[in-house]
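Residue numbering for the sequence shown follows the numbering used here, beginning at 1 and increasing consecutively.
Backbone N, C-alpha and C fix where the C-beta goes; we use that ideal spot for every residue, glycine too.
Computed from a predicted model, the values in this text were never measured in an experiment.
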Amino acid sequence: QCLDFMVTQCCQQGEALIKLGILDHDRLYELLRKQLEERVMEIFRWDSGEYCLFADKDIINRLTTFQLNPVALIYMGVRSRYSIEAVVMELDESLRKFVWLGDGASERMSALQLYQDAMGISETVTGQRRFAEMIALCNMELTNFLRCAYALMILDIIRFSDEMAPEASQPD
């Protein structure tokens with residue numbers, strides 16, 4: 001029915017669904033936003049390629065009219081689509097390194113407030129523990145913890161260093 005309507009009326013599928021009363025504008029918008037999120041997250045299944053974060057916070061708004069949270073998209077893309085083998089390979093060299101908060105930690109964590117696992121990991125980062133110690137002390141399933149930690153590293157929320165952070169001064 002929808003395809004026939006599209007052909008006879010020379011319109012796009014979304015317009016046809018609305019005119020036929022199958023969807024309203026809000027539901028169509030939500031479905032298209034979800035479809036775009038899925039396509040962006042599929043990038044994390046690619047075997048090769050490079051990507052980076054831009055300081056330009058409004059780039060998504062200039063590329064699409066959909067309200068998307070790029071930090072959350074990257075986090076969920078890595079968590080749900082990146083193979084655990086690739087994550088382990090990437091993090092292997094970091095096991096003996098100290099875990100610090102990255103330069104963009106506060107701002108980017110605010111975009112991930114709904115993800116309790118991300119909050120839990122970032123709250124334990126002091127620069128005083130090696131990554132292997134964090135793994136041993138975590139109360140999450142190992143695969144979940146590693147994917148989460150890798151996503152936080154990609155987002156520059158955590159970083160790895162050969163140096164231990166200076167001990168924080170204790171309040172009086």
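**OP:** Assign LEU142 to one of two classes, buried (16 or more other C-beta atoms within 10 Å of its C-beta) or exposed (fewer than that).
**Re:** For the purposes of this step, residue 142 is taken as residue 142 along the sequence shown, with counting starting at 1. By the neighbour-count rule (16 or more Cβ atoms within 10 Å), LEU142 is not buried but exposed.
Subject >> Collapsed DSSP secondary structure at SER161 in the structure displayed >> reply: Position 161 of the sequence shown, counting from 1, holds the residue named residue 161. Here SER161 sits in strand by DSSP.
Original post:
Do you know how far the Cα of ALA111 is from the Cα of VAL125?
Top reply: Translated into the one-based positions of the sequence shown, residue 125 becomes position 125. Translated into the one-based positions of the sequence shown, residue 111 becomes position 111. Approximately 18 Å between the Cα atoms of the pair.
Subject >> Residue from PHE44, GLY102, SER48 whose Cα sits closest to the Cα of TYR75 >> reply: Stepping through the sequence shown from its first residue, residue 75 is reached at position 75. Each of PHE44, GLY102, SER48 was checked against the Cα of TYR75, and the nearest Cα belongs to PHE44.
**OP:** Grab the span of the beta strand (DSSP E) containing VAL99 for me, first residue to last.
**Re:** Against the sequence shown, residue 99 aligns to sequence position 99. For VAL99, the uninterrupted beta strand (DSSP E) run begins and ends at 98-101, by DSSP.
Original post:
Pick from GLU38, ARG130, LEU17: whose alpha carbon is nearest that of LEU28?
Top reply: The residue labelled residue 28 in the question sits at position 28 within the sequence shown. The candidate whose alpha carbon is nearest that of LEU28 is LEU17.
Original post:
Among LYS97, ARG96, ARG147, VAL88, which residue has its Cα nearest to the Cα of ILE121?
Top reply: The residue given as residue 121 occupies position 121 in the sequence shown. Among LYS97, ARG96, ARG147, VAL88, the Cα nearest to that of ILE121 belongs to ARG147.
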